[in-house]
Every structure is written in structure tokens, then in C-alpha cells.
Amino acid sequence: MNVLVCVKQIPDPNAPGKLDPQTKRLVREGVDLVLDPGDEHGVEAGLQLIEKDAGEVTVISMGPPKAVDAIRRALAMGANRGILITDPALENSDAISTARAIAAAIKGQTYDLIICGTESTDGSSGAMPAQLAELLGLPLLSFAKKLEVSQGKAVIDRQTDDGYDVVEAPLPAVVTVTGGINEARYPALRGIMQAKNKEVKQVGLSDLGLDGQAGKAALTQEVVDATPAEARKAGEVVEDKGEGAKRVADFLKALKVI
Amino acid sequence: MILAFIEHVAGAPTMLSLEVLTMASRLARKMGTQLEAVAIGPKAVAAAEILSSYGVSTLHVADDQRLDDYAAAAWAHAVADLAARVNPRVIIGTASDRGGEVIAHVATRMTMPMAANCTEIVPGDPFTVTRQRWGGSLLEEAHLKGTIKLLTIAPHALAAEASPSRTQVATDTFSPALEDKDFRVRLKISLAQARVVVGGGRGVGSAEGFAALEELAGLLGGAVGCSRAVTSLGWRPHSDQVGQTGTRIAPDLYIACGISGAIQHMVGCRAAKHILAINTDPGAPIVAQADFAVIGDVQKVLAAVNAEVRRVKAGEPSRSPA
């Protein structure tokens, strides 16, 4: 079983950075950059599959040269090798550019499964995996909160807005995993040491044969402003002095829940 | 022409799709163009009745029995086929788990730009869209180019609003040229859960403490969820977790019990229509974001709430406060 896991390096979501007033992008300098927590679950899912069955996990990422750290983190968890797509011309790539670059970077290689997070924590568009599946002509199993692979098929529990579906597809396939699928392992010291010697192949735009089709040259959107979203407003707050339950019941009645 | 991709349950458009139609009909007015809709599966014909209150002139129905079950690639193939025939300037859908995926497939098939999770759209050349990033905590304004724009609308970015005047909706049934490969993803079982989620955090106290939450969820026909702290403590399975990537929920009501409301958790329940919090700490972030909050011990409050809900459901008068 050969598994490819797509990962992204993002500013630490537990210490969100500031917006650059000029570029309207998140300031990356002086901010802790981490492997997207959502992707840790993807790496974990890949590792669990090869531990059950033989095989290898390759991790692929696109980003500045620094993004190699996110790949190293996945290698320290136990992934076998990494691919980093990095090129100044790929800065500000949108989802489709990213999907094109990944599809080009793995051309000619075969993977039984390509695992992605459902969406990046920072971008949150969730479009890349479907676009990658479409470009590669592979079936997409998305929002997996459970994944099983056997007899050339992948079966998932697909989290939906109001429950879940059991869905299957033949391999090779693209699978997106939710944070609910597993508890990602913490890299052990030994893994961290071994990761230093694992291969990380760097590829640029010209290696991919994508000149003009990805990154700046193919930009269809441009960010012009960004502001923090308004938080939900507080409603009524009552101290429970015995009548709290009655008030809750009234609230539930008003919402027609009871 | 604007083409709205409508999700429906046996011909009844989903609430999020009605929100999309509301956004789309306003956009169509601003652009001085018509609004048409596409819905998948033979049962979608019944949606025409409701669409007539949202300014839709034509409902296109992809008619193929195989499309009844959700299949992103096949649905996208149908929408892209239609778009090639009717040539819309905008294709707009929900940012639901299905809508976002179908629109992403369509964008790739058509090689057209897509903006996801939009909350506002200003037409022009280029379009200016406001869209959610960081799970909805950041709003980004972006210019969008391309001859056909693909957009998904963030859940509850606006309220669905039916127009008092009705349009005559023409129905166009079409058979997309689907291929076997569009149906490689096969739905085996679909399990719908309730519109109420009762979530528990560290403040629930213990794995056993979730019995009270299970009981309330049972009474309300809801499901139980939990915070990351709770799965880390081993009190609940990972699959119950709300707030990590992809485990976003959008119920009508989220009842947060003993949950402080850390950033990641709030990202997960932001799309809930209403939040009810039960917490000992009046300063907890969740209290500041709840529609209604009770400050008190989770177990004590829940025991009383469960008794009260049972009474209300049994039609008995409520007990006066002690």
C-alpha cells in the first residue's frame, strides 16, 4: 500500500498572528509555523494503513523553503519520504494552482491512496482535494471520520452536516479526513532523529512543466482586504439560583425544540 | 444568467440552498440578469413550487435515477454539462459538505475560478467577494476574475427570504451524458442525526458525567458531541469531537455544557444557529457567544433541565422555582 499525504504549513492556530496592513496576508515572520493540525490526522491515517499492511507513506507539501519543517514533522511521525514543491512563482497560489502543482509533481508515480485534510485551517476553502481528484481522474471519498481499506476498496464514514454516510470507492482514490478520525501521534525522539536523514525532494515550477498554469501567472483571484470576523454576540446570562432549568426549558420551547 | 445549484431533500430545497437563492436573486437583480436553478435527481421537479418565491425563471433538473444518491463527481458532471449548454456568468451553491465539493469539481472541469465560503458578492469586473477564512474567524475581501465565476455561500451568511411576488418557473429536464467513472463513489448507508447537538467539555467532570448529556440528547432527539479536551482525557471517542478540522457542526441548537469555548472549538460550532451554554464560569468565552447562558454547575443544572424537559414533554405543569 503506497499512500501520499498532502500537508500544509500554517501559522500556529493556537497563537493566530497579525494581519499585515499592506499585504492583508497573515504575517509569517516571528510567528510559529506548524504542520496544520488537520494534516496531522492525515499523516496518522496513512501511517496506520501501512502499519497494518506493508507500504510507504510519502508526504507532499507546497510552500516556501521553510515549509520543509512541516514535512520533517510528518517524517518524524513516521512517514518515509517527502516532496516539497517550492518556487517564488507559486506564491499566493489558490486551490486550483495547488492542485495542479501536486498533480504534476506526482505524475508517473502510483499511489493507492492520496490523503488530505478536509480543508486547511488557515484557508478553509476545502476545494483543493476535490480539484486534485478531478485532475487525477480519481474518485473522492471526503470527510472521512473512519477509514478502512481492504480488497482494493476504501470504505469511509463520511461526516455530513446532519449525521454520517457510509461510502465506498475502488482504489486508487483521494480521501479527505476530519479531525475526528484518529488521535495523531506525537513524534518520538527517535523519529525526530531519523527524520533528519529521510529524503525530501524539492521541485520547482519548471520541473513540473506548469509554466503559466499555476501560481502568479495563473492568478484568478487577488486578496485586497482582510478583517477579523465579528464574534457571535452574547445573549442573556442568568445565574442559576434554582430557576435555571425552567429558564432553559423556556428557551428550548421558544426554539421549538420541545 | 446566474445558475444556482440547489440541494434538496425529496424536492424540498435545504435551508442553506434557500439562503443561496436569496443571495443569488439579489445578485441577479444587481447584474440585471436572470436567475435559473439546477437541482439533481428526478424528485427535484417538486422544488419549482418553492423556487417561484425566490425569483427563479427556470429550474433545470438532471434526470437520471443514478443521481438520487449523492455522488459528487456525477453531480458535478451534470452541472458542468448544463453550464456548457446554458452559459451562465455565475454558478453559485452552498458551502455545505456537498455543495462545496460539487462546485469545486465543476470549477476544475470548466477550468474556472472559484471562491469558497462567501458572505458578500459585489458584481463588476472583477467581482469583489468577501469570504471566510480560518474557519470563519477572518473575513477576506478578494477580486475574482474569469468569464464564469464559481461561488459558494457560507452557511447562515444571510437569512433566507422568500419574495412576496412569485415567478413562473419553467422546468427543463435534461439527461447529462454521465459515465460509469462518475459513479465510482458509492453510498452504502446514510445516517441522519438530529438538529440538536449536546456538547460536553472538561466541566462535565468524568466519562460517567456524560450520562446527563446523553439523556438530554435523547429527550431532544439530538446527538452528543465533545471538546478536544474530553477526547484527550479518554472520556469520549474521537468521532464525537467538535471543533477540529472537518468536524464542524451546523445544528439548529448547540448546547455547550462545561465547555470554555477555546478558539478551535468555537470554529467548530460557529455555524450553529443558536448556542445555549451551561458553565460555572461567567467569564468563559462560550458565555460571551451564547444566545442564552446559565451560570451554574453542569450536573446540577442538567439534572433539573432533564426533569423539566420530561415534564414539558409529558404535558405536566412546570415545578415552580425552589
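Just so you know, the protein sequences line up as chains A and B, in that order. Under our numbering, think of the first position of the first sequence as 1, with each following residue one higher. Under our numbering, think of the first position of the second sequence as 1001, with each following residue one higher. Cβ atoms here follow ideal geometry from the backbone N, Cα and C, with glycine treated the same way. Being a predicted model, the structure only gives us computed values, none of them experimental.
Nearest in C-alpha terms to residue 62(A), of all of 171(A), 22(A), 159(A), 128(A), is 128(A).
For the segment 116-142 of chain A, the beta-carbon criterion of a distance under 7 Å to any beta-carbon of chain B is satisfied by 117, 118, 119, 121, 122, 123, 124, 125, 126, 127, 130, 131, 134, 135, 139, 140, 141, 142. The shortest C-alpha to C-alpha distance from residue 1230(B) to any of 1073(B), 1058(B), 1242(B) is the one to 1242(B). Interface criterion not met: the Cβ of residue 1005(B) is under 8 Å from no Cβ in chain A.
A buried status is given to residue 1284(B), since no fewer than 16 other beta-carbon atoms sit within 10 Å of its beta-carbon.
Cα atoms of residue 1197(B) and residue 1249(B): separation of roughly 8 Å, rounded to the nearest angstrom.
For residue 166(A) and residue 240(A), the gap between their C-alpha atoms comes out near 42 Å. For residue 1108(B), a Cβ of chain A is located within less than 8 Å of the residue's own Cβ.
Here residue 1082(B) carries a helix assignment [DSSP, helix/strand/coil]. With respect to the 8 Å criterion, residue 156(A) and residue 175(A) are classified as neighbours on the basis of their beta carbons.
Here DSSP, grouped into helix, strand and coil, assigns residue 1054(B) to helix.
The residues 238, in chain order, have a CB closer than 8 Å to that of residue 244(A) in the same chain once the five nearest residues on each side in sequence are set aside. Residue pairing for residue 166(A): DSSP places it in a beta bridge opposite 157(A), 1189(B). Counting other Cβ atoms within 10 Å of its Cβ, residue 1179(B) stays below 16 and is therefore classed as exposed. Residues of the segment 167-192 of chain A that bring their beta carbon within less than 9 Å of a beta carbon in chain B comprise 167, 168, 169, 170, 173, 176, 177, 178, 179, 180, 181, 182, 183, in sequence order. Each residue's CA atom was taken as its position, placing residue 148(A) and residue 113(A) some 11 Å apart. Cβ neighbours of residue 1052(B) within its own chain (closer than 8 Å, five residues either side excluded): 1166, 1167, 1168, 1169.
The residue from 195(A), 58(A), 15(A) with its alpha-carbon nearest to that of residue 1134(B) is 15(A). Spatial neighbours of residue 1083(B) in its own chain (CB-CB distance under 8 Å, excluding positions within 5 residues in sequence) are listed in chain order as 1003, 1091, 1106, 1110, 1148. Residue environment analysis places residue 1211(B) among the exposed positions, since fewer than 16 neighbouring C-beta atoms fall within 10 angstroms of its C-beta. Bounds of the alpha helix (DSSP H) holding residue 1228(B) are 1228-1232. 224, 225, 226, 227, 228, 229, 231, 232, 234, 235, 236, 237, 238, 239: these are the residues of the segment 224-239 of chain A whose beta carbon lies less than 7 Å from some beta carbon of chain B, given in chain order. Secondary structure note for residue 129(A): its alpha helix (DSSP H) is the uninterrupted segment 128-136. DSSP places residue 97(A) inside the alpha helix (DSSP H), whose first and last residues are 95-105.
Within chain A, the C-beta atoms nearer than 8 Å to that of residue 1134(B) come from 13, 16, 121, 122, 124, in chain order.
Residue contact check for residue 54(A) against chain B: no CB pair falls below 8 Å. The segment 1062-1145 of chain B contains, as complete beta strand (DSSP E) runs of 3+ residues, the segments 1090-1094, 1114-1122, 1127-1133, 1138-1144 (chain order). Look at residue 1302(B) here: in three-state DSSP terms it is helix. About 20 Å separates the beta carbons of residue 141(A) and residue 1079(B), which is beyond the 8 Å limit, so they are not a contact pair. Only exposed fits residue 1030(B), as fewer than 16 other CB atoms lie within 10 angstroms of its CB. When rounded, the separation of the alpha-carbon atoms in residue 1034(B) and residue 1115(B) is 21 Å. Residue range 1292-1295 is occupied by the beta strand (DSSP E) that includes residue 1292(B). Taking a Cβ-Cβ threshold of 9 Å, the residues of chain A close to residue 1282(B) are 237, 239, in chain order. With the criterion set as a beta carbon lying under 9 Å from some beta carbon of chain A, the members of the segment 1074-1104 of chain B are 1076, 1095, 1096, 1097, 1098, 1100, 1101, 1102, 1103, 1104, in sequence order. Judged by DSSP secondary structure, residue 226(A) falls within the beta strand (DSSP E) whose first and last residues are 221-228. The C-beta of residue 1156(B) comes no closer than 8 Å to any C-beta of chain A.
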